Amino acid sequence: MERDMEPLPKENSKYILYLLIVIVLLGTGLRLYCLTKEDIWYDEAVTIKAAKMGITEMVNFTLNSDVTDFPPVYYMIMKGWIGILGDSPESVRMSSVLFGILTILAMFYTGKELLGVKQGLFAALLMAVSPFDVTYSQEVRSYALQVLLITLSIY
């Protein structure tokens, strides 16, 4: 398979940018749709509780707990997020929405780097409409961040 690595003419690069914007807007809309339809569930409440702890307490909680298997970094990110934007369901879930949107962009650049521009756009489109990623991007859990970091590690 030949890689599509030649520079695009200016008119094509604008077209590619517009397509990428449409894909990101589609993915954003899907992630925001019914964002707070469901109440905060138990695992999300545990995440919020852990994020409100002091750093030492948080580290001990995550390392010595049967409740969570996640390392404390995500909870530290959420601690800062909640400190700035509050702990309403909309606010705390927006962090995962942001990670999900960034994953769409990361998927485009990863696909573009590995296979070419068209394939990068297709990969971004698949990520934008992926039911699994949309669901994970609406939960106050570290899944959306994990998908983003895994995608970036491939890039």
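Residues in the sequence shown are numbered from 0 upward in steps of one, following numbering that gives the first Met the number 0. The beta-carbon is built from N, C-alpha and C at its ideal position, and this holds for glycine as well. Please read all numbers here as calculations on a predicted model, not as lab measurements.
Determine whether the beta carbon atoms of residue i and residue j lie at a separation below 9 Å.
i: F98; j: S136; result: yes
i: V91; j: P71; result: no
i: M75; j: L84; result: no
Roughly how many angstroms lie between the CA atoms of residue i and residue j, to the nearest whole one?
i: L124; j: E89; result: 25 Å
i: G82; j: N11; result: 43 Å
i: M77; j: L144; result: 11 Å
i: V96; j: D42; result: 17 Å
i: L18; j: I153; result: 23 Å
i: Q118; j: D132; result: 19 Å
i: T150; j: V23; result: 16 Å
i: I54; j: L62; result: 12 Å
i: K111; j: V21; result: 17 Å
i: Y32; j: E138; result: 13 Å
i: F121; j: S141; result: 25 Å
i: A44; j: I15; result: 40 Å
i: W80; j: L113; result: 33 Å
i: D38; j: T134; result: 14 Å
i: A105; j: M126; result: 10 Å
i: Y108; j: W40; result: 34 Å
i: S87; j: K36; result: 13 Å
Check each candidate in the options and name the one with the smallest Cα separation from residue i.
i: S68; options: G53, M77, G82 and T46; result: Note on residue identity: the sequence assigns Asp, not Ser, to residue 68. If we check each option's Cα against that of D68, T46 comes out closest.
i: Y73; options: V116, R30 and M52; result: M52
Determine which residues share a DSSP beta bridge with residue i and list them.
i: G119; result: Answer is none; G119 lacks a bridge partner.
Roughly how far, in whole angstroms, is the beta-carbon of residue i from the beta-carbon of residue j, given that I think they are within contact range, below 8 Å?
i: G26; j: I100; result: 6 Å
i: L34; j: T102; result: Actually they do not touch by this definition, with Cβ atoms about 17 Å apart.
i: F60; j: A50; result: About 10 Å; that fails the 8 Å criterion.
Measuring only between beta-carbons, confirm whether residue i sits less than 9 Å from chain B.
i: Y41; result: In summary, chain B is missing from the structure at hand, where a single protein chain is found.
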